[in-house]
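Notes for the one structure printed next.
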Amino acid sequence: MACLSHLSSPAFRPNHLGGAELLFSGQKEHHVTLPSQSEPWDMKQLLVWIQRNLLKERPELFVQGDSVRPGILVLINDADWELMGELDYQLQNNDNVVFISTLHGG
Amino acid sequence: MPILCSSCSEKRAVLKRPKTGHSLCKECFFWAFEEEVHQTIVAAELFKPKEVVGIAASGGKDSTVLAHVMKLLNERYNYGLQLMLISVDEGITGYRDDSLETVKRNQQQYELPLKIVSYEELYGWTMDAIVKQVGLKNNCTFCGVFRRQALDRGAIMLKVDKICTGHNADDVAETVLMNVLRGDIARLRRCTTISTASEGDGVVPRCKPLKYAYEKEIVLYAYFKKLDYFSTECIYSPNAYRGHARTFLKDLESIRPSSIVDIIHSGENLSVREGVKMPVQGTCTRCGYISSQALCKSCVLLEGLNRGLPKLGIGKHHRLHEKLLSQQPLTDNEERKLKSVDF
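Residue numbers (UniProt numbering), protein chains in the order written: chain A, 1 to 106; chain B, 1 to 343.
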């Protein structure tokens with residue numbers, strides 16, 4: 001699990017759960033401050049940022065095209081991102097983003 | 001602005017159900033999920049009161065949720081079942097040994113008896129040793145076959161009447177796709193049945209209470225309930241054929257979430273044309289286990305391993321089984337074919 005946390009403008013805490021932390025050097029929680037910019041950060045930009053700054057290996061296991069690989073669930077403040085506009089959701093201060101991989105044995 | 005739960009209209013919705021498209025809050029989701037499993041169990045008459053039921057537990061997400069929900073429903077609806085956990089140790093370092101620690105914790109959390117059976121004690125081979133001989137391509141064949149038998153043996157040791165496994169809707173849909181892709185008509189016809197009848201000595205009937213539960217919901221149920229489970233891919237699985245079906249299914253789900261139950265529905269309603277040759281169920285002449293050939297798959301695979309002929313159980317070498325059974329020596333050519341391995 002990795003948590004991304006924003007402290008100044010937008011602050012959010014990404015968490016990677018369910019094995020996804022292995023793509024991030026085993027680190028489950030990340031407290032992060034995104035660089036400020038004129039427009040608000042959205043999830044689409046966040047994924048690009050994560051890929052550039054946090055993802056340590058095998059990007060194809062996390063992202064596919066503009067979005068996450070099918071099979072990776074995304075929760076924003078403990079709610080399904082499908083309820084919040086998925087890639088279009090605009091991040092707010094102290095948002096908690098969780099990535100859960102479902103792609104493993106049960 | 002947060003979306004309200006479509007069921008209670010009071011609380012904030014936390015997930016959108018792939019099956020129905022409904023947005024539900026935590027409590028309504030828990031209720032819907034548990035009730036659907038209950039309906040699956042009741043409609044298919046999976047259990048009878050006083051039965052001893054072995055829950056196949058690996059420490060992974062599906063079996064942990066299965067154990068949790070079975071215990072919950074058994075109490076809520078007085079199924080009258082005696083529940084136990086059965087776990088299989090395939091001998092995969094860095095994967096199974098860790099997940100077994102999770103099962104042991106589950107045993108304490110759910111207060112259920114636990115039996116662990118290992119490939120080492122049953123067959124004399126761990127998966128690590130098998131992969132060294134067989135390579136990385138066909139090892140899942142060994143594991144699947146051995147595990148099925150191992151679960152039965154564990155169940156018999158515990159005097160269990162029935163086994164239930166955590167196979168979910170995604171698993172069943174993947175299996176339907178795999179059998180279509182491989183032209184396996186016999187399996188295609190059988191693979192969507194929710195329970196197996198008793199097929200003879202040494203084989204315990206088994207069922208899939210989570211058959212219609214989406215993997216996404218199982219994961220979210222475990223997450224929101226903060227259930228303790230182990231979550232890494234088996235280190236030998238990347239080359240498994242099922243991976244292709246899984247990737248395809250996940251892409252289908254993202255376009256049309258109902259694909260998963262729809263594929264299961266297709267599988268359930270298939271009928272096989274008359275005149276199609278089907279295997280006949282018999283017993284293994286060596287160990288007595290259920291088999292459609294003279295030797296059951298398990299015996300063939302083991303024979304191959306023990307004689308240094310790893311390809312014996314992979315591909316179609318049925319003629320050679322007769323030779324093996326009658327202890328005739330193999331020709332050099334035959335031995336060479338059975339030894340070559342892809343790494």
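Built from N, CA and C at the ideal position, the CB exists for glycine as well.
> What residues in the stretch 23-39 of chain A have a beta carbon less than 7 Å from any beta carbon of chain B?
Replying inline: none
>> Between B/295, B/261, B/158, B/254, which has its C-alpha nearest residue 320 of chain B's C-alpha?
In response: Numbered from its first residue, the second sequence carries residue 320 of chain B at position 320. Answer by Cα proximity: B/295.
> If contact means a Cβ-Cβ distance below 7 Å, which residues of the stretch 225-253 of chain B contact chain A?
Replying inline: 231, 232, 233, 234, 250, 251, 253
> Rounded to a whole number of angstroms, what is the C-alpha to C-alpha distance between residue 268 of chain B and residue 330 of chain B?
Replying inline: Position 268 of the second sequence, counted from the start, is the residue given in the question as residue 268 of chain B. Position 330 of the second sequence, counted from the start, is the residue given in the question as residue 330 of chain B. The alpha-carbon separation between residue 268 of chain B and residue 330 of chain B amounts to approximately 43 Å.
> Using a beta-carbon distance below 8 Å, is residue 55 of chain A in contact with chain B?
Replying inline: As a first step, residue 55 of chain A must be located in the first sequence, where it is residue number 55. Answer no: the Cβ-Cβ gap between residue 55 of chain A and chain B never drops below 8 Å.
>> Please identify the residue among A/55, A/31, A/90 whose C-alpha is closest to the C-alpha of residue 24 of chain A.
In response: As a first step, residue 24 of chain A must be located in the first sequence, where it is residue number 24. Sorting A/55, A/31, A/90 by C-alpha distance to the C-alpha of residue 24 of chain A places A/55 at the top.
>> Cβ closer than 9 Å: which chain A residues qualify as neighbours of residue 13 of chain B?
In response: As a working note, residue 13 of chain B is residue 13 in the second sequence. Here the neighbours are 79, 80, 83.
>> Given the structure, does residue 86 of chain B come close to the ligand ATP, in the sense that its CB is under 7 Å from one of the ligand's heavy atoms?
In response: In the structure shown, the ligand ATP is absent, as is every other ligand, since no ligand is present at all.
> Roughly how many whole angstroms lie between the Cα atoms of residue 5 of chain B and residue 31 of chain B?
Replying inline: Locating residue 5 of chain B in the second sequence gives position 5, counting from the first residue. Locating residue 31 of chain B in the second sequence gives position 31, counting from the first residue. In a straight line, the C-alpha of residue 5 of chain B is about 13 Å away from that of residue 31 of chain B.
> What's the gap between the Cα of residue 309 of chain B and the Cα of residue 95 of chain B?
Replying inline: For this step, residue 309 of chain B is matched to residue 309 along the second sequence. For this step, residue 95 of chain B is matched to residue 95 along the second sequence. The straight-line gap from Cα to Cα measures roughly 27 Å.
> Do we get a CB-CB distance below 8 Å when we pair residue 8 of chain A with the residues of chain B?
Replying inline: If you number the first sequence from 1, residue 8 of chain A lands on position 8. At residue 8 of chain A the pLDDT is 27, less than 50, meaning the model places this residue with poor confidence and gives no usable figure here.
> Is it the case that the Cβ atoms of residue 170 of chain B and residue 214 of chain B are separated by a distance below 8 Å?
Replying inline: One-based indexing of the second sequence puts residue 170 of chain B at position 170. One-based indexing of the second sequence puts residue 214 of chain B at position 214. In this structure, residue 214 of chain B lies closer than 8 Å to residue 170 of chain B by Cβ.
> Within 10 angstroms of its Cβ, does residue 48 of chain A collect 16 or more other Cβ (buried), or is it exposed?
Replying inline: On the first sequence, position 48 is the one that residue 48 of chain A refers to. Counting Cβ neighbours within 10 Å, residue 48 of chain A comes out exposed, since fewer than 16 surround it.
>> How far does the alpha helix (DSSP H) with residue 280 of chain B in it extend, from its first residue to its last?
In response: Position 280 of the second sequence, counted from the start, is the residue given in the question as residue 280 of chain B. Residue 280 of chain B -> no alpha helix (DSSP H), and no H or E assigned at all.
> Can the beta-carbon of residue 212 of chain B be found closer than 8 Å to that of residue 64 of chain B?
Replying inline: As a working mapping, residue 212 of chain B is identified with position 212 in the second sequence. As a working mapping, residue 64 of chain B is identified with position 64 in the second sequence. Their beta carbons are not under 8 Å apart, which means residue 212 of chain B does not touch residue 64 of chain B by this criterion.
> By Cβ distance below 7 Å, which residues in the same chain neighbour residue 286 of chain B in space, the five residues on each side in sequence not counted?
Replying inline: Here residue 286 of chain B corresponds to residue number 286 of the second sequence, with the count starting at 1. Around residue 286 of chain B: 295, 299.
> Expressed to the nearest angstrom, what Euclidean distance is found between the alpha-carbon atoms of residue 93 of chain A and residue 27 of chain B?
Replying inline: The residue you call residue 93 of chain A lines up with position 93 of the first sequence. The residue you call residue 27 of chain B lines up with position 27 of the second sequence. Approximately 27 Å between the Cα atoms of the pair.
>> In the DSSP output, which residue or residues are listed as bridge partners for residue 115 of chain B?
In response: The sequence position of residue 115 of chain B within the second sequence is 115, counting from 1. As computed with DSSP, residue 115 of chain B is found in a beta bridge with B/86.
> Hey, quick one: how far does the alpha helix (DSSP H) through residue 240 of chain B stretch, first residue to last?
Replying inline: In the second sequence, the residue the question calls residue 240 of chain B occupies position 240. Where residue 240 of chain B is concerned, there is no enclosing alpha helix (DSSP H), given that its DSSP letter is neither H nor E.
> Is it a yes or a no for the stretch 150-163 of chain B touching the stretch 53-70 of chain B, going by three-plus beta-carbon pairs under 8 Å?
Replying inline: yes
>> In whole angstroms, give me the CA-to-CA distance for residue 70 of chain B and residue 41 of chain A.
In response: Counting from 1 along the second sequence, the entry for residue 70 of chain B is found at position 70. Counting from 1 along the first sequence, the entry for residue 41 of chain A is found at position 41. Computed Cα separation, rounded: 43 Å.
> Does DSSP classify residue 98 of chain A as helix, strand or coil?
Replying inline: Residue 98 of chain A sits at position 98 when you count from the first residue of the first sequence. Three-state result, residue 98 of chain A: strand.
>> Assess contact between the stretch 173-183 of chain B and the stretch 239-257 of chain B, defined as three or more Cβ pairs (one per stretch) separated by less than 8 Å. Is contact present?
In response: Yes, since at least three Cβ pairs between the stretch 173-183 of chain B and the stretch 239-257 of chain B fall closer than 8 Å, the two stretches touch.
>> List, in chain order, every chain B residue whose beta-carbon is nearer than 7 Å to that of residue 65 of chain A.
In response: Translated into positions along the first sequence, residue 65 of chain A becomes position 65. Within 7 Å Cβ-Cβ: nothing; residue 65 of chain A doesn't reach chain B, min ~11 Å.
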